[in-house]
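Protein chains in written order, with the numbering used here: chain A, 1 to 186; chain B, 187 to 372. The C-beta atom is built at its ideal place from N, Cα and C for all residues, glycine as well. First comes the structure, then the notes that go with it.
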DNA sequence: TGGCATTGCGTGACATATCACCTATGCTTT
DNA sequence: AAAGCATAGGTGATATGTCACGCAATGCCA
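Right, here's the structure in full:
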């Protein structure tokens, strides 16, 4: 797929990616693959958590550990609901979260962080942040942090708009007075 | 974990991420989660390939479909070897790749793209590129493409240097005359 | 040549993810 | 209130991924 000059082969609707885009995409893919691997590995060995576990805990934590319906949780972390359902059940068995029916709407299962889950997350965050800093930010020139944020935020907004997953509950399209503080993930 | 001001709690060695870094990291994580999901979904439904399948096919394709040892393949795409082993065996059952022992070193299993695998990849690339363009680049202002590439390439170099996975075979650290063309992935 | 550590992989058990489908609620209409 | 539809989730089968090991081919060195 690298070669473009294949006599008269079909071409995607909008054309192939141009040189600059290929460069960006290649870099993105490479970073993504390795970083995911490393984060998973570190969490697993230091805190006995998988990266998906950590994603769930973090999402709950950002919502003050408060009860959060499966569907909302799924939208926050970009998973399918059934995946969340399975995963949360397993995490409940490990006492990291607890599930209960909503008093209001009895179809809804609400997930909460347990005391233990919160402690585990706090402990895990230390090593995780350390790794992120070391692998990601130590390699990132200061002056590129801003542009990187801008770029990724633009892309994110577009993915929300074009993609198939529902937006997170707190989602508000960029633009108009978008200076709200993002909750400090991680 | 969002709150920093927790009376005297332990803090990661290098300190927490600062505001700008948190912003970048949050954006990265969000993009990553959704994008992976969407790519998987599109490939699956349009080409009957998973994203991991696609990663393998692409890596082989970039190497001209040529025979590639499991270990090398693993390093290219940032997987553990045993994962590659399992996955490649399954792909072989689907005639997407073929495996054979190296004549040279009989411990080595060499993986190759089959004719069929190549065709499938070419067909899949159409829709995949289309999706990437639509979700990623259509939302990315032109003037941010360069900075984004730079940023991610810096990060990648750092991950290679600091991480636990071996570098890809064609890896050469940045810096000195780094103007070689990257193979056009995807 | 006989150890002996190393390297490259495969394997089996188990953890996770996905897909298609099922149920229970709740909401709307009539 | 009954019918009909939408929504929230659970489930079970199957595909994938991970981990801990094991085995055979090599490399090294005495």
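{"Asked": "To the nearest angstrom, report how far apart residue 173 (chain A) and residue 222 (chain B) are at their CA atoms.", "Found": "21 Å"}
{"Asked": "Among A:79, A:121, A:88 and A:136, whose alpha-carbon lies nearest the alpha-carbon of residue 219 (chain B)?", "Found": "A:79"}
{"Asked": "Within 8 Å, do at least three Cβ pairs link the region 324-337 of chain B to the region 282-297 of chain B?", "Found": "no"}
{"Asked": "Hey, would you say residue 342 (chain B) sits closer than 9 Å to residue 125 (chain A), going by beta carbons?", "Found": "no"}
{"Asked": "Where does the unbroken beta strand (DSSP E) through residue 71 (chain A) begin, and where does it stop?", "Found": "Taken as a continuous stretch (DSSP letters only), residue 71 (chain A) belongs to no beta strand (DSSP E), being part of the alpha helix (DSSP H) at 70-77."}
{"Asked": "Roughly how far, in whole angstroms, is the beta-carbon of residue 217 (chain B) from the beta-carbon of residue 152 (chain A), given that I think they are within contact range, below 8 Å?", "Found": "5 Å"}
{"Asked": "Grab the span of the alpha helix (DSSP H) containing residue 57 (chain A) for me, first residue to last.", "Found": "51-62"}
{"Asked": "At a CB-CB cut-off below 7 Å, which residues of chain A make contact with residue 344 (chain B)?", "Found": "135, 138 and 139"}
{"Asked": "Could you check if residue 81 (chain A) belongs to the surroundings of the ligand GDP, using beta carbon to heavy atom distance under 8 Å?", "Found": "Of ligands this structure carries none, so the ligand GDP is not represented either."}
{"Asked": "Any Cβ of chain A within less than 9 Å of the Cβ of residue 296 (chain B)?", "Found": "no"}
{"Asked": "What's the C-alpha gap between residue 364 (chain B) and residue 349 (chain B)?", "Found": "Confidence at residue 364 (chain B) is low in this model, with a pLDDT of 41, below 50, so its placement is unreliable and no value can be given for it."}
{"Asked": "What are the boundary residues of the beta strand (DSSP E) that includes residue 109 (chain A)?", "Found": "109-113"}
{"Asked": "Closer than 7 Å, Cβ to any Cβ of chain A: which residues of the region 256-289 of chain B, in chain order?", "Found": "263 and 264"}
{"Asked": "Suppose you measure from the CA of residue 302 (chain B) to the CA of residue 23 (chain A); what does that come to, to the nearest Å?", "Found": "28 Å"}
{"Asked": "Strictly under 9 Å for the Cβ-Cβ distance: is residue 242 (chain B) near chain A by that measure?", "Found": "no"}
{"Asked": "By Cβ distance, which residues of its chain are closer than 8 Å to residue 313 (chain B), with the 5 residues on each side in sequence left out?", "Found": "228, 229, 232 and 233"}
{"Asked": "With H, G and I counted as helix, E and B as strand and the rest as coil, what does DSSP make of residue 284 (chain B)?", "Found": "strand"}
{"Asked": "What three-state label does DSSP hand residue 202 (chain B) in the structure shown?", "Found": "coil"}
{"Asked": "Chain A partners of residue 335 (chain B), CB-CB under 8 Å?", "Found": "20, 23, 24 and 27"}
{"Asked": "Considering Cα atoms alone, identify which of B:205, B:238, B:258 and B:276 is closest to residue 295 (chain B).", "Found": "B:258"}
{"Asked": "Give the secondary structure of residue 364 (chain B) by DSSP, where H, G and I count as helix, E and B as strand, and everything else as coil.", "Found": "At residue 364 (chain B), the pLDDT of 41 sits below 50, so the modelled position is not reliable; the number obtained from the coordinates is stated separately. Coil at residue 364 (chain B), not helix or strand."}
{"Asked": "Alpha helix (DSSP H) containing residue 169 (chain A): first to last residue?", "Found": "Per DSSP, residue 169 (chain A) belongs to no alpha helix (DSSP H) and is neither H nor E."}
{"Asked": "Residue 289 (chain B) by DSSP, collapsed to three states: which one?", "Found": "coil"}
{"Asked": "Reducing DSSP to helix, strand and coil, say where residue 122 (chain A) ends up.", "Found": "helix"}
{"Asked": "Determine, using beta carbons only, whether residue 222 (chain B) comes closer than 9 Å to chain A.", "Found": "yes"}
{"Asked": "Which value, in whole angstroms, describes the spacing of the CA atoms of residue 176 (chain A) and residue 298 (chain B)?", "Found": "Only weak support exists for where residue 176 (chain A) lies, its pLDDT of 44 falling under 50; the value from the coordinates is given anyway. Taking the straight line from one Cα to the other gives about 52 Å."}
{"Asked": "Looking only at its chain, what residues have a beta carbon closer than 6 Å to the beta carbon of residue 7 (chain A), apart from the 5 residues adjacent to it on each side?", "Found": "In this prediction, residue 7 (chain A) has a pLDDT of 41, which is less than 50 and means its spatial position is unreliable; what the coordinates show is noted afterwards. Answer for residue 7 (chain A): no residue qualifies."}
{"Asked": "Taking buried to mean at least 16 other C-beta atoms within 10 Å of its own C-beta, is residue 102 (chain A) buried or exposed?", "Found": "exposed"}
{"Asked": "Starting from the beta carbon of residue 218 (chain B), find every residue of chain A whose beta carbon is closer than 7 Å, and list them in chain order.", "Found": "32"}
{"Asked": "Verify whether the separation of the beta carbon atoms of residue 39 (chain A) and residue 51 (chain A) is less than 9 Å.", "Found": "yes"}
{"Asked": "Can you check whether the C-beta of residue 114 (chain A) is within less than 9 Å of a C-beta belonging to chain B?", "Found": "no"}
{"Asked": "Could you give the first and the last residue of the continuous alpha helix (DSSP H) run that contains residue 153 (chain A)?", "Found": "142-162"}
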